[in-house]
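If you read the sequence shown in our numbering, its first letter stands for residue 535, the second for the next number, and so on.
In this text, a Cβ means the ideal position worked out from N, Cα and C, and glycines have one as well.
Following: one structure in structure tokens, then a few remarks.
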Amino acid sequence: MIEVKFLARLKEEIGQDSMEIAARDGMTIADIKQQFFSDAQFQLPILQALNHEFCDETTAVSDGDIVAFFPPVTGG
């Protein structure tokens, strides 16, 4: 299983802070991202991390990984 975490406002949009999904051979961050964020409401930038490290969408995921999605952080 892969633990998927939703941080900041994404947690509110999804309606929970984490869930587990089954790992598949060849699965990438992009596959997971599409599963949760394919709706028009999620057209804003969404960043991702794999096992607490920033990564890009082409990164492969495996059983036991932790994937986190979060909006970009801005400040002044």
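For the candidate residues the options, whose alpha-carbon lies nearest to that of residue i?
i	options	result
ARG543	MET535, ILE555, PRO579, THR562	PRO579
ILE566	VAL607, THR608, MET535	MET535
ASP590	PHE604, GLY598, ASP597	PHE604
LYS539	VAL607, THR608, ASP599	ASP599
PHE570	ILE548, PRO606, ASP597	ILE548
ILE555	LEU541, THR608, SER596	SER596
Using DSSP with H/G/I as helix, E/B as strand and the rest coil, what is residue i?
i	result
GLN568	helix
ILE580	coil
Where do the ends of the alpha helix (DSSP H) carrying residue i lie?
i	result
LEU544	543-548
Could you check where the beta strand (DSSP E) with residue i kicks off and where it finishes?
i	result
GLU537	536-540
GLU554	552-555
VAL601	600-604
Check the DSSP bridge columns for residue i and list the partner residues they point to.
i	result
THR562	ALA594
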